[in-house]
Ligand code: C2O
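Numbering (the UniProt record's numbering), first residue to last: 1 to 583.
Given below as structure tokens:
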């Protein structure tokens with residue numbers, strides 16, 4: 001493995017160098033990953049947000065969730081640009097569910113019965129979480145680097161957790177009980193307190209990172225307790241690093257309790273993950289695409305805190321207002337990579353109700369958690385913390401390692417170190433992966449053939465690759481974002497499409513280029529009416545510099561369906577001045 005990996009290091013760099021002219025000025029801080037060869041990337045994450053101060057504030061209405069509309073079931077404005085939370089729109093935080101009113105997991109769609117009961121055992125005895133004293137930091141290791149001793153412990157802990165299922169199926173620490181936590185918080189088993197007709201859904205919103213951080217925290221504590229080792233930590237699947245871009249081999253040993261047969265057999269190691277669903281066939285192209293899509297979802301396409309974290313979701317809101325860039329990017333890609341396409345719902349990892357039955361799920365999410373922690377350290381101009389009280393005070397319930405039911409709040413998990421763990425340091429080569437500047441500017445008149453005017457084209461069902469002319473708000477390199485509005489999906493399907501700007505060659509399997517603007521994706525999940533509606537916002541500031549928009553007042557947006565384009569309809573497309581970064 002070692003030699004394969006170091007040859008990647010050189011090969012990936014070379015591969016890119018041959019395909020792109022290096023940019024004229026290199027102010028490079030190469031990571032270890034790129035050190036042996038000439039770096040082709042400028043390290044540059046600051047952005048030009050100086051647009052003459054001309055960014056008008058969107059009207060309060062555009063950021064407001066009209067609760068009355070939602071409550072009377074009209075769907076309200078919830079698809080309509082929750083871009084900026086309006087302080088006046090504060091409702092209440094999503095409250096921890098009442099376990100006693102948990103209902104059996106309902107059908108994913110009518111006539112299509114899922115025979116799953118994922119309700120947790122009820123308990124009247126609830127305590128509020130208190131931050132533990134941290135004596136020594138526990139360090140979560142990268143799964144591809146763990147020692148034999150560590151692996152033996154991890155396997156023993158999982159073995160015991162699985163044994164609990166047989167010994168006492170009502171023990172909330174058992175393997176299936178733990179898996180069902182995910183199902184219940186996501187497949188409509190828990191209602192919002194006070195809103196019997198609204199589910200709690202921990203995906204597709206700003207609850208995504210905090211919920212999963214808490215979920216893993218208790219899972220890890222339970223595993224530690226089962227082997228009597230309070231220092232135990234989960235390993236993370238390091239899919240953002242070329243060395244970790246396959247299923248970690250410790251999960252692929254049929255004799256190990258970490259093994260799971262419900263996985264895509266074609267994607268067992270050494271198959272390389274394709275985080276951007278680019279469809280690339282060569283491993284090297286997959287690696288550069290992976291690093292490019294990481295760079296995009298962590299830095300380039302992110303205009304505001306909400307863009308990264310996910311849309312506001314408060315008591316009384318319909319579930320699933322919209323995912324952040326990381327949730328819909330690498331996070332979903334790994335679910336779909338591992339889930340078995342031969343199973344009806346891509347069980348286990350390809351569907352929320354079953355994802356927690358795969359031991360790999362928790363290591364996948366340990367890396368998602370790590371991405372959140374890394375994002376918070378980036379020196380970009382986007383504020384790293386949400387301060388909205390409806391976010392900070394949202395709460396969940398989990399059973400701890402002593403079977404005690406504990407109420408936790410989002411505010412207590414914002415700094416993972418205060419929970420007593422951190423991550424083994426490994427390289428993050430995507431940090432340097434700003435694409436090379438385009439050598440020559442594409443002239444709008446040359447690339448607009450086949451492009452259609454946006455007027456009259458929307459709502460657009462994405463049956464095929466579609467090129468749209470979109471007017472800018474200002475000429476040239478303005479500080480702007482692209483908004484795709486009212487994206488309506490069939491929530492029972494896996495959906496994915498990509499967005500490119502002023503792309504000439506339509507080589508859609510290459511994401512490592514300046515024209516790649518970002519992505520939309522959805523994992524199948526349960527909603528009452530099988531319909532999801534959301535918006536995405538993609539920042540264009542850096543992209544404009546790299547493709548050199550010069551004084552153009554229009555761009556050509558290419559929409560590329562990757563999966564189930566027939567089941568997604570885009571309501572509208574527009575460019576607006578960058579909304580404020582916070583919120
Ligand atoms: Cu809760 Cu990755 O899903």
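Positions of the beta carbon are idealized from the N, C-alpha and C atoms, including for glycine.
Judged by DSSP secondary structure, residue 522 falls within the beta strand (DSSP E) whose first and last residues are 516 to 522. A distance of 8 angstroms or more separates the beta carbons of residue 468 and residue 537. A residue is called buried once 16 or more other Cβ atoms fall within 10 Å of its Cβ, and residue 364 is buried on that count. Take residue 129, set aside five residues on each side of it, and the residues of its chain with a beta-carbon closer than 8 angstroms to its own are 406, 407, 408, 409 and 412, in chain order. Here the segment 314 to 333 makes contact with the segment 181 to 196; the two share three or more CB pairs at distances below 8 angstroms. By alpha-carbon distance to residue 256, the top candidate from 313, 155 and 506 is 155.
Cα atoms of residue 520 and residue 573: separation of roughly 13 angstroms, rounded to the nearest angstrom. Secondary structure of residue 224 (DSSP, three-state): helix. With respect to residue 97, residue 392 sits apart: the two C-beta atoms are not nearer than 8 angstroms. Taken through DSSP and simplified to helix, strand or coil, residue 204 comes out as coil. Around the C-beta of residue 139, fewer than 16 other C-beta atoms lie within 10 Å, and the residue is accordingly described as exposed.
With a beta-carbon spacing of about 6 angstroms, residue 524 and residue 494 fall inside the 8 angstroms limit used to define contacts. Around the beta carbon of residue 503, 16 or more other beta carbons lie within 10 angstroms, which makes this residue buried. Assigned with DSSP and collapsed to three states, residue 92 falls in coil, not helix or strand. With a minimum length of 3 residues, the unbroken runs of beta strand (DSSP E) contained wholly in the segment 135 to 180 fall at 138 to 140.
DSSP, read as helix, strand or coil, puts residue 395 in strand. Residue 404 and residue 150 have their alpha carbons spaced roughly 27 angstroms apart.
Distance from the C-beta of residue 494 to the nearest heavy atom of ligand 1 is not below 7 angstroms.
Residue 230 is classed as exposed because its beta carbon has fewer than 16 other beta carbons within 10 Å across all chains shown. Between residue 415 and residue 93, the C-beta gap is not smaller than 8 angstroms, which leaves the two residues out of contact. Residue ranges of uninterrupted alpha helix (DSSP H) with 4 or more members, entirely inside the segment 441 to 517 and ordered along the chain, are 444 to 447.
Here residue 422 is bridged, per DSSP, to 139. Per DSSP, residue 337 is one residue of the alpha helix (DSSP H) stretching across 332 to 338. The C-beta distance from residue 239 to residue 275 rounds to 7 angstroms, short enough to meet the 8 angstroms contact threshold. Here residue 192 carries a strand assignment [DSSP, helix/strand/coil]. In chain order, 246 place their CB closer than 7 angstroms to the CB of residue 270, counting only its own chain and leaving out the 5 sequence neighbours on each side. Looking at the DSSP output, residue 236 sits in a beta bridge with 142.
Judged by the Cβ position, residue 416 fails to qualify as a neighbour of ligand 1 at the 7 angstroms threshold, every heavy atom of the ligand being at least this far.
Taking a C-beta distance under 8 angstroms as the contact criterion, residue 335 and residue 350 qualify as a contact pair. For residue 283, the enclosing alpha helix (DSSP H) has its first and last residue at 283 to 295.
The three-state secondary structure of residue 539, taken from DSSP, is strand.
The segment 432 to 444 makes no contact with the segment 248 to 263: fewer than 3 CB pairs, one atom from each, lie closer than 8 angstroms. Distance between residue 173 and residue 304, taken at the CA atoms: about 38 angstroms. Listed in chain order, the non-local C-beta contacts of residue 419 below 7 angstroms within the same chain comprise 217 and 413, local neighbours out to five positions each way being set aside. When DSSP states are grouped into helix, strand and coil, residue 126 belongs to the strand group. In this structure, DSSP gives residue 557 an extended state, which the three-state scheme calls strand.
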